[in-house]
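Residue numbers (this note's numbering): 616 to 754.
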């Protein structure tokens, strides 16, 4: 019957995203960047609220002819902060061709992991830099 009885509460999602469909198509790259940046800030807030870190940022663009493209970048170190999200999105945005008016813009975070699990693993391995503790060498 198509019913899924598996328990999913407490499970880390595979991805999280924010997107916006525009009432009228956008053509100005500055307007597109402003919207992408706003979506990225909201998504980073979502990650922190859920206690999740991500390794991949994806930009999704749906053009006025409904053709959809995605561009992604994966990082070595997981993140949940606005600065890393925006910096990565800016790189993706810069290499994306906006050749038609844009109907929908979305930002997705994937390769997710619970932040507490990442911190425990990083402490055990002592080789992964913890977000917010870069350059800390101890007392």
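Positions of the beta carbon are idealized from the N, C-alpha and C atoms, including for glycine. This one's a predicted model, so the numbers in the text were calculated from it and none came from an experiment.
Distance, residue 687 Cα to residue 631 Cα: 14 Å
Segments assigned alpha helix (DSSP H), at least 4 residues, entirely inside the region 655-742: 697-709, 730-740
Segment contact flag, the region 633-642 with the region 663-674, C-beta cutoff 8 Å, min 3 pairs: no
Where residue 633 sits in the DSSP three-state scheme: strand
Residue environment, residue 628, which counts as buried when at least 16 other CB atoms sit within 10 Å: exposed
Candidates 722, 695, 723, 713, of which the one nearest residue 679 by Cα: Measuring from the Cα of residue 679, the nearest candidate turns out to be 713.
For residue 672 and residue 697, the rounded distance between their alpha carbons: 12 Å
Whether residue 662 touches residue 695 by CB criterion (8 Å): yes
Buried versus exposed call for residue 722 [16 or more other C-beta atoms within 10 Å across all chains shown]: So residue 722 counts as buried.
Contacts around residue 682, its chain only, beta-carbon distance under 8 Å, and the 5 residues preceding and following it disregarded: 715
CB contact below 8 Å: residue 704 versus chain B: Note that chain B does not occur in the displayed structure, where there is just one protein chain.
Rounded straight-line distance, which links the Cα of residue 718 to that of residue 704: The straight-line gap separating the alpha-carbon atoms of residue 704 and residue 718 is approximately 19 Å.
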